[in-house]
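In the numbering used here, the protein residues as written are 35 to 263.
Using N, Cα and C, we set each Cβ at its ideal position, and we do this for glycine too.
Please read all numbers here as calculations on a predicted model, not as lab measurements.
To keep things clear, I will list the structure first and then write my remarks on it.
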């Protein structure tokens, strides 16, 4: 249970935890109830009516947020020498192959996204035990294993994110910063929800999107009226 601090009491006084808000209203409320001294992240949580234990109900996808994440995403590109300049020109923070593989094997993972090429996956594959638990392992489904490394870097820098349902059936991802306007946050959230709607597994029965909430770092969660989406 969250500690009932002075700031939390102030936040709870400004939000009705039993009310369901429209996306735009919820985004505004989240901004009002955030008292952190830093530019906090705003997250969306979507509870899905799926069973992640079944392979045909594992929901995973990618989405490009129209207003980006507000975060300076650090990108590592593991590629062959002929692709290094392309990656650098696109804005990659780190570019190389064997030297970075060795660094990662020694424990270095100070990046947000790793992009690589099919031709070097044999080398990158052995990093799975390190990168997998940190959700950093490149994957063709998320667009991080590609021959077009420059394009992939630009998309990630522009706000492309990937998401995957967790073992409890929830999609959790960041959709921006508290400094964003309510309209920007609502647009980013709507893009995530629309993408999820298209990914509904044919084997999933009953209500697909069960609940949606918005929250910021250390703020209470604000419920969304699904009919307003």
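Taking only three categories from DSSP, how would you classify residue i?
i, result
"residue 57", "helix"
"residue 131", "coil"
"residue 143", "coil"
"residue 49", "coil"
"residue 150", "strand"
"residue 249", "strand"
"residue 258", "strand"
"residue 161", "helix"
"residue 243", "strand"
"residue 233", "coil"
Short of 6 Å in beta carbon distance, which residues of its chain neighbour residue i, apart from the five on each side in sequence? Order them along the chain.
i, result
"residue 130", "none"
"residue 244", "81 and 83"
"residue 30", "Nothing in the structure corresponds to residue 30, since the chain is present only between 35 and 263."
"residue 206", "79"
"residue 146", "107 and 108"
Roughly how many angstroms lie between the CA atoms of residue i and residue j, to the nearest whole one?
i, j, result
"residue 197", "residue 113", "24 Å"
"residue 263", "residue 247", "12 Å"
"residue 93", "residue 227", "13 Å"
"residue 162", "residue 52", "42 Å"
"residue 192", "residue 185", "11 Å"
"residue 155", "residue 54", "46 Å"
"residue 229", "residue 189", "16 Å"
"residue 35", "residue 153", "Low confidence applies here, because residue 35 scores a pLDDT of 44, under 50, leaving its location unreliable; read the following figure in that light. So the two alpha carbons sit approximately 48 Å from each other."
"residue 238", "residue 95", "16 Å"
"residue 177", "residue 64", "31 Å"
"residue 108", "residue 134", "14 Å"
"residue 257", "residue 174", "34 Å"
"residue 157", "residue 139", "12 Å"
"residue 143", "residue 199", "23 Å"
"residue 136", "residue 236", "42 Å"
"residue 50", "residue 62", "13 Å"
"residue 86", "residue 168", "19 Å"
"residue 88", "residue 225", "26 Å"
In its own chain, which residues sit with a C-beta less than 8 Å from the C-beta of residue i, not counting the 5 before and 5 after it?
i, result
"residue 242", "82, 83, 84, 231 and 234"
"residue 151", "112, 113, 114, 117, 179, 180, 181 and 183"
"residue 123", "184"
"residue 74", "68, 211, 212, 250, 251, 252 and 253"
"residue 204", "79, 80, 81 and 82"
Skipping 5 residues on each side, what residues in its chain have a beta carbon closer than 7 Å to that of residue i?
i, result
"residue 103", "193, 195, 208 and 210"
"residue 260", "243 and 246"
"residue 216", "58, 61, 62 and 65"
Entirely enclosed beta strand (DSSP E) segments - the region 164-214, minimum 3 residues
Listed in chain order, the beta strand (DSSP E) elements of length 3 or more contained wholly in the region 164-214 are 194-198 and 204-211.
Kindly confirm or deny that the region 218-231 and the region 57-67 touch, where touching means at least three C-beta pairs closer than 8 Å.
Yes, the region 218-231 touches the region 57-67.
Do the region 85-101 and the region 119-136 touch if we need at least three Cβ pairs shorter than 8 Å?
The region 85-101 vs the region 119-136: no contact.
Could you say if the region 65-80 and the region 106-120 meet the contact criterion of at least three C-beta pairs nearer than 8 Å?
With contact defined as three or more Cβ pairs closer than 8 Å, the region 65-80 and the region 106-120 are not in contact.
Can you find at least 3 beta carbon pairs, one from the region 60-70 and one from the region 248-256, that sit closer than 8 Å?
Yes: at least three Cβ pairs fall under 8 Å.
Any beta strand (DSSP E) of 3 or more consecutive residues that is wholly inside the region 72-110
Taking only runs of at least 3 residues, the beta strand (DSSP E) segments lying wholly in the region 72-110 are 75-82 and 94-98.
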